[in-house]
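Visitor:
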Amino acid sequence: MSHSELAAQVGSNEGGGSKLTPKRKLSLFDTIGSTLAQMAPAAAIYYGLPVIFMATGIGSPLTILISAIAIIFVGLSLTRFSTKHPSSGSLIKYIGMTFGPLTGTASAIVFLVGTVFLAGSAFLELGGWIADSLSLYNIHVHWAVPTLILGLVIWGLTIIGIDRSTKIATIALVIEVVVLAGVSIYVLIDPPAGLSLEPFAASSVTGGLAGIGLGFPLAIYLFIGFENSAALAEESDNPKRNTKRAVLISIALMTAFYLLVSYAVVTGFGNDNSALVKSSNPFIDVANQYLGRFSFLAIIAGFTSIVGMTIACLNGFSRVAFNSARDGVIPAKLSFISKYQTPAATLSLLSGLGIAAALLFGFSGETWVTGFGYLGTIGTIPLLIIYALLNLAVIFYPNKELTLVQRYVLPILGVISIGLPIWALVQPGQPKPFSYFPWIIFGVVAASLIYAWFKLKSDPSIKQRIGAVATEASELAESADYHSNNATALNRQPLQPRRLKKDDSLYKISP
2 MSHSELAAQV GSNEGGGSKL TPKRKLSLFD TIGSTLAQMA PAAAIYYGLP VIFMATGIGS
62 PLTILISAIA IIFVGLSLTR FSTKHPSSGS LIKYIGMTFG PLTGTASAIV FLVGTVFLAG
122 SAFLELGGWI ADSLSLYNIH VHWAVPTLIL GLVIWGLTII GIDRSTKIAT IALVIEVVVL
182 AGVSIYVLID PPAGLSLEPF AASSVTGGLA GIGLGFPLAI YLFIGFENSA ALAEESDNPK
242 RNTKRAVLIS IALMTAFYLL VSYAVVTGFG NDNSALVKSS NPFIDVANQY LGRFSFLAII
302 AGFTSIVGMT IACLNGFSRV AFNSARDGVI PAKLSFISKY QTPAATLSLL SGLGIAAALL
362 FGFSGETWVT GFGYLGTIGT IPLLIIYALL NLAVIFYPNK ELTLVQRYVL PILGVISIGL
422 PIWALVQPGQ PKPFSYFPWI IFGVVAASLI YAWFKLKSDP SIKQRIGAVA TEASELAESA
482 DYHSNNATAL NRQPLQPRRL KKDDSLYKIS P
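This note's numbering puts the first residue of the sequence shown at 2, with every later residue one more than the last.
(1) Would you tell me roughly how many angstroms separate the C-alpha atoms of Ser-19 and Leu-137, rounded to the nearest one?
(2) By DSSP's criteria, Leu-27 is part of a beta bridge. Which residues make up the other side?
(3) Would you grab the beta carbon distance between Thr-167 and Asp-31 for me? Rounded to a whole angstrom, and I think it's under 8 Å.
(4) For a quick check, are the C-beta atoms of Phe-295 and Ile-72 less than 9 Å apart?
(5) Pairing CB atoms from the region 287-305 with CB atoms from the region 79-87, are three or more of them under 8 Å?
(6) Got a sec, what are the start and stop residues for the alpha helix (DSSP H) Glu-126 sits in?
(7) Helix, strand or coil: which one does DSSP assign to Pro-344?
(8) Which of helix, strand or coil does DSSP assign to Ser-61?
(9) Going along the chain, which residues of its own chain have a beta-carbon closer than 6 Å to the beta-carbon of Tyr-264, five neighbours each way excluded?
(10) Applying the criterion that 16 or more other CB atoms from any shown protein chain within 10 Å of the CB defines a buried residue, is Leu-21 buried or exposed?
(11) By how many angstroms is the C-alpha of Phe-362 removed from the C-alpha of Phe-373?
(12) Helix, strand or coil for Glu-199, going by three-state DSSP, please let me know.
(13) Using a Cβ-Cβ cut-off of 6 Å (strictly less than) and excluding sequence neighbours within five positions of Ala-359, which residues of its own chain qualify?
(14) So what's Gln-407 in DSSP terms, helix, strand or just coil?
(15) Only counting runs of 4 or more residues, tell me where the alpha helix (DSSP H) segments fall wholly within the region 157-202, in order along the chain.
(16) To the nearest angstrom, report how far apart Gly-444 and Arg-408 are at their CA atoms.
(17) Look up Asn-289 in the DSSP assignment and say whether it is helix, strand or coil.
(18) Starting from Leu-277 and walking both ways along the alpha helix (DSSP H), at which residues does that stretch end?
(19) What's the C-alpha gap between Ala-44 and Val-180?
(20) When you compare the CB positions of Thr-347 and Phe-438, do they come within less than 9 Å of one another, or not?
(21) Ends of the alpha helix (DSSP H) at Ala-333?
(22) Could you give the first and the last residue of the continuous alpha helix (DSSP H) run that contains Lys-381?
(23) Closest by CA to Ala-194, which one among Leu-174, Leu-261, Asp-273 and Leu-119?
(24) Helix or strand or just coil, what does DSSP make of Pro-429?
(25) Looking at C-alpha atoms only, which residue of Ala-425, Ile-338, Ile-46 and Leu-351 is the closest neighbour of Ser-185?
(26) Using only CA atoms, which one of Asn-392, Leu-426, Glu-402 and Tyr-398 lies nearest to Leu-517?
Written out as C-alpha cells, the structure is:
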C-alpha cells in the first residue's frame with residue numbers, strides 16, 4: 002500500500018478525518034499554563050493541605066517532596082509515549098496501544114465516567130466557593146445559582162477557542178500564584194520564630210513512617226491534572242517535544258511551589274504542631290495574620306484557582322472524549338467540531354453532565370462541601386486506575402530503546418506510588434457512603450469491559466482505529482503528507498543548492 006493510500010485510509014478511520022486545527026497552535030507556555038491551572042494550586046492548598054497537616058504535622062513538606070518524586074515516575078511513563086505518539090487520546094491511546102482494543106475501549110469508558118464526576122466536583126466547588134465568599138460580606142446566595150450560571154459561562158469560554166480559554170486559565174493561574182507566593186515570601190521574611198529545616202526532618206513527621214504512609218496518598222492528590230498537556234497534543238506546537246517538557250516542567254514547578262507554601266505555613270505557625278492541626282484552613286489563617294485587611298486577596302486567589310481548574314479540566318477531558326468519539330468508541334456524532342475548531346459536542350456533553358452531577362450531589366449532602374467530597378472521591382478512583390495502567394503499559398509495550406531502569410524500575414515505582422492512594426480510597430472499613438464508592442467503580446469497570454466486548458464485536462473496524470495500528474498508520478500518514486507537500490514544492494520551483502547544516506536530516510518530518 003502506498004503512502005497516499007494509507008493516508009486516505011487513516012482519514013476514513015478517524016471519524017471522517019475530523020481533526021482539531023486551531024488557527025493558532027498552543028505554545029509550550031500555553032500548555033504549561035493549562036496544566037498548572039488544572040492542578041489548581043490555590044484550591045489544592047486550601048482543601049488539600051489541612052488534611053495533609055492532620056496526617057503528618059509539621060513534617061508535611063517532607064511528605065509532599067516524597068509524593069512529588071513518585072509523581073515524576075508517573076510523568077516519565079507518560080512521556081515515554083507522548084514523545085513518539087502525541088495524541089488527543091493521550092493516556093487512553095497509549096493503554097490501547099499496549100494492551101489491545103478491548104482494554105483500550107474499556108479504559109476510555111472508565112476514564113470518561115471519572116471525568117464526569119471530576120467535572121461535577123469542579124463546578125460544585127466553583128459555586129460553593131462563590132456562595133461562601135459572598136456570605137462573608139453578608140451577601141447570601143445559594144450555591145446552586147453560581148454553580149449553574151458560572152458553569153454555563155465557562156462552557157461558553159471553552160467553546161470559543163482553545164487559545165482564548167487557555168489564556169484565561171493561565172491569567173487566573175498567575176493571579177493565584179502571585180497571591181500565595183507573596184504571602185509565603187512575606188512569612189519567610191518575617192517569621193514568628195525564625196527559620197528552621199525542622200519541617201524537612203523525618204523526625205518531624207507525626208507517626209514516623211506510618212504518618213508518611215497516611216499522608217503520602219493525600220499529597221499525591223495535589224498533583225492530579227499533571228497529564229493535561231498530553232490531551233492537548235493535537236492542538237500544540239511541536240507536540241513530540243513540548244508535551245514532554247510541559248509535563249515534567251509542570252510537575253517541577255508545582256513541587257517547588259507546594260514546598261514553598263507548605264514550609265511558609267508551618268513557619269507561620271511557629272512550627273507549632275498542635276496549633277497547625279487545629280486550624281481548619283492554615284493558609285487562610287496565616288494570610289489573615291499577615292495581610293490584615295488585604296486578606297480578601299486570598300479569597301480572590303481561591304476563585305481564580307477554581308475558574309482556571311474548571312476551564313483546564315473541560316479542555317483536557319473533552320479532548321480525550323473527542324478522540325474516543327473519533328475512534329468510534331462512543332457515538333461518532335460526539336466528534337463534531339465547532340467553527341472555532343473546538344470539540345463542541347464533547348465539551349457540551351461533559352459540561353451538561355458535570356453541572357447536573359454538581360447539582361445532584363450538592364443537594365444530596367448536608368452541605369455542598371459534602372457533595373464535593375463525594376464527587377471528588379468517585380471521580381479520582383478511575384483516574385488513578387488509568388495512571389496505574391499507564392505505568393504498566395511502559396513495562397509491556399515493546400520498546401527496545403528503553404534501559405532496564407526506564408522500562409522496569411521507574412514504572413514499577415510508579416505503580417506502587419499510585420497503588421497507595423488507590424488503596425486509601427478503596428480499603429475496607431470506610432464510613433458510608435464512601436464504602437460504596439469502590440463498588441460503584443467496580444461496577445463501572447465491569448460494565449465498561451462488557452460494553453467494549455460488544456462494541457468491538459459489532460464494529461470490528463474499531464481495532465484499526467484504537468491502539469498501535471492507528472498510531473503507526475497516523476505516523477505513516479504524516480510522512481505521506483510530508484513527501485507529498487515537498488514533491489509539490491519541488492515541481493513549482495527550481496532546485497537551489499545550499500550548504501548542509503549539522504542538524505539537517507534527510508527524512509526530517511515536522512510534527
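For every residue, glycine included, the Cβ atom is placed at its ideal position computed from N, Cα and C.
Guide: In brief:
(1) Rounded to whole angstroms, Ser-19 to Leu-137 spans 48 Å at the Cα level.
(2) In DSSP, Leu-27 forms a bridge with Ser-237.
(3) Contact flag correct, Cβ pair sits at about 5 Å.
(4) The Cβ atoms of Phe-295 and Ile-72 do not sit closer than 9 Å to each other.
(5) Result no; under three Cβ-Cβ pairs closer than 8 Å.
(6) Note, Glu-126: alpha helix (DSSP H), 102-136.
(7) Assigned with DSSP and collapsed to three states, Pro-344 falls in coil, not helix or strand.
(8) The answer is helix: DSSP assigns Ser-61 an H, G or I state.
(9) Around Tyr-264: Pro-62 and Pro-200.
(10) So Leu-21 counts as buried.
(11) Taking the straight line from one Cα to the other gives about 7 Å.
(12) For Glu-199, the three-state secondary structure derived from DSSP is helix.
(13) Only Gly-121, Phe-124, Leu-125 and Thr-148 meet the Cβ criterion.
(14) Here Gln-407 sits in helix by DSSP.
(15) Taken in chain order, the complete alpha helix (DSSP H) segments of 4 residues or longer contained in the region 157-202 are 163-190.
(16) So the two alpha carbons sit approximately 32 Å from each other.
(17) In the three-state DSSP reduction, Asn-289 falls in the helix class (H, G or I).
(18) Segment 274-279, the alpha helix (DSSP H) holding Leu-277.
(19) Ala-44 and Val-180: Cα-Cα distance of roughly 13 Å.
(20) 9 Å or more divides the Cβ of Thr-347 from the Cβ of Phe-438.
(21) Segment: none, Ala-333 is in no alpha helix (DSSP H) and carries neither H nor E.
(22) Position check: residue 381 holds Thr in this sequence, whereas Lys was assumed. According to the DSSP assignment, Thr-381 belongs to the alpha helix (DSSP H) that extends over 369-397.
(23) Of the listed residues, the one whose Cα sits closest to Ala-194 is Asp-273.
(24) Secondary structure at Pro-429: coil, using DSSP grouped into helix, strand and coil.
(25) Cα-wise, what sits closest to Ser-185 is Ile-46.
(26) In the structure as shown, the chain starts at 2 and stops at 512, and residue 517 therefore has no counterpart that could be examined.
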